[in-house]
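**Q**
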Amino acid sequence: MGAAPPARRRPPPAGESGVPESLNRARIACMESQSLCYSSRPMENTRSPRFHRCEGGLVLFLAMFLCIIVACAPADSDRRMILITIDSMRTDRLVAYGASTSVMPRLDQMAAGGIVLTEAWTPAPLSMPALTGMLTGRVPSAAGVVDDEGSILSGDTPRLATRLLAGGWATGMFVNAPFIDENSGLYEGFRRVVNPAAASQTRSLAAPALFAEALEFLELHRKVPTFAWIHLHDTHYPYLGGGEPGTVEERYDAALATADGALADFLDGLSDHGLMTDAWIVVTADHGEALGDQGERTHGQTLSPSVLHVPLVVQAPGNGKARRLDQPVSLLDLAPTLADLAGLAPATMGGPLDGRSQAALLRTGEGSEDPDRPLYSESYIPFFSYHLPPLRQIRRGGVSRTAIAGEDGVPAAPDLGPEPYLVLDEQERAALMAAASDTSALLTAQRFGEALTSMSRWPAAARMTPMAGRMEAAIRRGQGRPDEAVVALRRLAIAAGPCADLWSSLATLEDELGRPSADAWQHAASNAGTRIDFKLKLARHLLMEGHPDAAIPAARAAASGQAASATLDFALGQIFLDSGQPEEAQRLLASAATLSPGSSATYRTLARAALATDSPEGALILLEEAQRIDPQDRLVEKEMGDLHAQAGRLPEARAAWRKSLPDKVREPGATLTIAEQFLHLGLYDEAALEVDNVRVSVPDDPQAYYIMGQVALARSDPEHADEELLAALRTGGEQPAIYYGLAQSSLMKDDEAGALAYLEKVFAANEPALRSALQAQLFLTAGHEFPAVRAAVERYLAGAAPPAAPTPAADKATP
């Protein structure tokens with residue numbers, strides 16, 4: 003029996019969230035059809051998958067997907083809305099906002115003929131919180147998002163895309179930002195998602211390619227109401243989008259100019275395809291950029307006008323009448339405004355809104371005049387970096403002041419755990435920011451000794467903060483002293499008290515160094531308040547480090563009391579699947595796919611769950627759907643190759659695996675990667691054949707030696723394994739995995755002393771993957787034959803994880 007799925011708050015009943023009753027009935031009917039599975043016949047059109055009844059009780063999500071399409075198919079319409087957000091764009095680069103010359107002439111041309119809102123302000127000077135506010139109409143912290151990384155959007159937060167999708171709109175998001183992924187919560191409601199940066203953690207799709215994807219999507223759905231959101235991250239620090247060296251401001255302007263060129267081509271493409279005349283087009287920024295104003299280089303640390311005042315340019319269908327509107331507006335107004343323009347009452351978005359619809363203002367130039375409307379902005383970066391109180395500001399009538407919780411539009415502060423604030427006056431705060439900025443610049447320049455000296459000038463209390471810990475660890479790593487980096491962060495985390503972000507920094511460092519980190523994640527999770535990101539990471543790391551029995555309760559604890567959301571269900575589904583509970587994983591992943599139908603990763607993971615429940619036909623259809631959603635997702639090809647190989651379709655497997663490889667992978671690496679895939683699937687003859695093909699031209703490759711050593715071990719041939727693995731050592735240098743294989747070979751030859759010698763090298767490396775393998779399988783099962791080996795492994799497993807940290811009262815060490 004699998005563990006019960008985590009308890010969560012139930013979603014609202016049909017009709018209460020604004021979702022059409024027919025769609026709710028379709029979803030419920032599909033979810034209750036326990037006997038639906040898919041035909042194994044080839045699909046002619048993966049957009050309309052066929053299915054039939056069969057025995058076995060497998061629920062695959064594509065049935066639900068089809069029901070949703072049928073239930074909410076809209077009547078023909080020519081409505082479309084396009085939201086373009088340009089990262090870090092200041093107002094003073096546009097003539098429309100007072101610049102003497104324009105860095106972005108095409109956007110200025112659009113402004114000259116369109117609607118310019120001169121007093122638009124962002125709710126946060128950081129991308130994820132700002133974009134969250136923009137797409138939900140909620141203050142970011144009220145929606146659970148206070149940082150670019152780790153925050154998880156609350157499941158009961160209203161989402162513009164979800165409401166539009168339920169209302170019959172085709173929805174697509176096109177972004178190149180690594181911080182926006184399945185875990186961000188922003189995928190929910192989008193039928194089409196393009197974001198290759200999420201997998202690569204780099205800005206891997208430049209603005210022209212991103213706009214091309216969006217244009218193709220808009221053309222494909224030209225006969226139905228369509229919403230496309232495009233976010234350009236090329237203009238974010240370090241401003242690489244311009245492709246030219248220079249000063250910071252020169253690079254910044256070049257990146258904006260490049261983005262403007264891509265925008266011009268996109269607008270021309272819309273016009274050429276006849277898609278512009280009936281479209282609302284909105285161009286804005288998530289936030290501005292300081293560029294030295296108030297001593298800040300980029301954004302997030304202050305609430306100055308440079309980072310909060312943003313351009314907001316709108317082109318109405320048919321171009322409309324050019325207007326300049328001076329009424330104060332917040333980017334929180336975008337979600338209710340776009341819902342209103344779509345003919346969907348903002349009140350039906352499924353939850354309370356902090357923004358207001360400005361649809362009447364855009365249509366007629368006249369709206370509810372409220373020059374004294376309070377506009378709220380916030381930044382939690384000072385808290386996460388320095389334990390300074392978060393910045394919260396109210397702007398009213400052109401005057402800004404510190405906000406107080408409970409004021410109009412000001413939410414209560416979220417529970418971030420029992421972390422102490424530093425108490426600094428304004429002068430001390432400014433001095434800390436300046437000192438930290440200097441240290442950061444020295445660190446970026448790899449002047450590590452000077453950076454360490456610079457840190458000594460920080461206020462004493464500030465040296466106990468997360469930013470200090472991260473910088474000191476980075477300095478010591480840069481000096482080639484990673485062990486000291488770990489020790490420094492651990493001592494700081496112990497001494498600083500219940501600080502979730504310091505323990506998170508330590509855990510992240512240990513992850514980067516390939517060391518067990520579950521202990522540090524445990525401390526981060528236990529001090530995280532209502533934040534669930536650290537709790538989910540704890541569950542994942544417990545699983546990675548060979549503790550599935552502890553991982554499941556940790557996952558259930560993270561989910562307890564949370565509303566259903568694609569982000570949470572996807573994360574939990576992965577954990578249950580990797581814990582050997584595919585049925586529970588299927589239920590969670592199907593829920594995630596319902597809420598976020600544009601995520602290829604969800605379908606990929608659902609395919610793995612289908613395979614785990616012996617449904618290769620269902621897995622194939624799910625992978626084909628993932629491929630349709632995102633043709634650039636290489637991991638889909640990898641999973642497709644595994645599926646073909648297991649079914650005996652070896653040529654198809656080889657072809658799919660080759661497609662999955664990054665373009666930079668050349669021979670013999672590509673063929674050897676395919677050999678490893680065969681090895682992992684237990685197809686040893688095929689793995690050996692691939693290696694033999696490589697050895698014709700490259701007879702002395704260390705990876706080839708290692709793979710053949712593993713094949714020999716699988717065939718219980720220790721002598722041949724020794725020969726191959728020792729050759730891998732000779733040609734490729736010392737690797738813990740090779741010593742691990744040699745220890746296995748020694749035991750096959752009843753050489754306990756030899757196995758112990760090799761295992762000592764494995765223990766010294768302390769790699770999580772090898773630790774998990776030791777715990778899951780090796781040596782313990784043969785303990786009655788090799789008592790010394792068993793004892794050594796048990797001692798290692800007991801002591802490999804860092805010891806539990808003492809309380810601050812027991813250890814007052816300082817960094």
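Residue numbers (our numbering): 3 to 817.
Where is the CB? At the ideal position from N, CA and C, for every residue including glycine.
Source: prediction; values computed, not measured.
Name the residue from A464, L272, Y382 and E184 whose alpha carbon lies nearest to the alpha carbon of E430.
**A** Of A464, L272, Y382 and E184, the residue nearest in Cα terms is A464.
**Q** Which full runs of the alpha helix (DSSP H) of 4+ residues lie inside the region 560-600, going along the chain?
**A** You should have 568-580 and 584-597.
**Q** Keeping to the same chain, check which residues put their C-beta closer than 7 Å to that of R479; ignore five residues upstream and five downstream.
**A** A487
**Q** Check I232 in the structure and name its three-state DSSP category.
**A** Looking at I232 - three-state DSSP - the assignment turns out to be strand.
**Q** Is the CB-CB distance between L504 and P468 below 8 Å?
**A** yes
**Q** Would you say V696 and D687 are within 8 Å of each other, going by their C-beta atoms?
**A** No, they are not a contact pair.
**Q** Classify V309 as helix, strand or coil using the three-state DSSP reduction.
**A** Judged by DSSP in its simplified three-state form, V309 adopts helix.
**Q** At what residues does the alpha helix (DSSP H) containing S528 begin and finish?
**A** A520 to S528
**Q** Between which two residues does the alpha helix (DSSP H) carrying F386 extend?
**A** I383 to Y388
**Q** Once DSSP output is grouped into helix, strand and coil, what is the label at Q746?
**A** helix
**Q** Between which two residues does the beta strand (DSSP E) harbouring V118 extend?
**A** I117 to L119
**Q** Enumerated in chain order, which unbroken segments of the alpha helix (DSSP H) with a length of 4 residues or greater are wholly contained in the region 252-302?
**A** Those alpha helix (DSSP H) runs which fall completely within the region 252-302 and span 4+ residues do not exist here.
**Q** Taking 8 Å as the threshold (C-beta atoms), are R95 and M106 in contact?
**A** yes
**Q** Counting C-beta neighbours from all protein chains within 10 Å, is the total for H682 16 or more, i.e. buried, or is it exposed?
**A** Per the 10 Å Cβ criterion, exposed.
**Q** Is the beta carbon of V309 sitting closer than 8 Å to the one on P127?
**A** yes
**Q** Among residues of its own chain, excluding the 5 on either side of A672, which ones have a beta-carbon nearer than 8 Å to its beta-carbon?
**A** Cβ contact annotation for A672 (same chain, cutoff 8 Å, sequence separation greater than five): R660 and L663, in chain order.
**Q** For P618 and P584, what's the separation of their Cα atoms in angstroms?
**A** 14 Å
**Q** According to DSSP, is N695 part of a helix, a strand, or is it coil?
**A** N695: helix per DSSP, three-state reduction.
**Q** Under DSSP, the beta strand (DSSP E) around R610 begins and ends at which residues?
**A** Counting along the chain, R610 falls outside any beta strand (DSSP E), though it belongs to the alpha helix (DSSP H) covering S602 to A614.
**Q** Let me know the beta strand (DSSP E) ranges lying completely inside the region 173-223, each 3 residues or longer, listed in chain order.
**A** 194-196
**Q** Determine the closest residue to A214 out of H275, Y241 and L167, with distance taken between C-alpha atoms.
**A** Nearest C-alpha to A214 among H275, Y241 and L167: H275.
**Q** By the 10 Å Cβ neighbour count, where 16 or more other Cβ atoms means buried, how is K751 classified, buried or exposed?
**A** exposed
**Q** Considering only residues of the same chain and omitting the five flanking positions on each side of Y741, which have a CB-CB separation below 6 Å?
**A** Y760, K763 and V764
**Q** Identify which residue in L212, L220 and T237 has its Cα closest to the Cα of I88.
**A** T237
**Q** Since L333 contacts A122 with CB under 8 Å, what's their CB separation in whole angstroms?
**A** 7 Å
**Q** Taking the straight line between their C-alpha atoms, what separation do you get for I577 and P550?
**A** 9 Å
**Q** When the distance is taken between beta carbons, is P338 closer than 8 Å to R358?
**A** Taking 8 Å as the Cβ cut-off, R358 and P338 qualify as a contacting pair.
**Q** What is the DSSP secondary structure of V97, reduced to helix, strand or coil?
**A** helix
**Q** What do you reckon, are the CB atoms on H389 and S90 nearer than 8 Å?
**A** no
**Q** Unbroken alpha helix (DSSP H) runs of length 4 or more, entirely within the region 449-495: which are they?
**A** 450-457 and 468-480
**Q** Rounded to a whole number of angstroms, what is the C-alpha to C-alpha distance between T279 and M83?
**A** 11 Å
**Q** Could you spell out the range, first to last residue, of the alpha helix (DSSP H) harbouring Q634?
**A** First-last for Q634: undefined, no H or E at that position.
**Q** DSSP on L355, reduced to helix/strand/coil?
**A** coil
**Q** For T134, does the three-state DSSP call read helix, strand or coil?
**A** helix
**Q** Identify the continuous beta strand (DSSP E) that holds R375 and give its terminal residues.
**A** Following the DSSP letters along the chain, one finds R375 in no beta strand (DSSP E), marked with neither H nor E.
**Q** Thinking L233 and V315 are a contact (beta carbons under 8 Å), I'd like their distance in whole angstroms, please.
**A** Reading off the sequence, residue 233 comes out as His, not Leu. With a contact defined as Cβ atoms closer than 8 Å, H233 and V315 miss out at about 16 Å.
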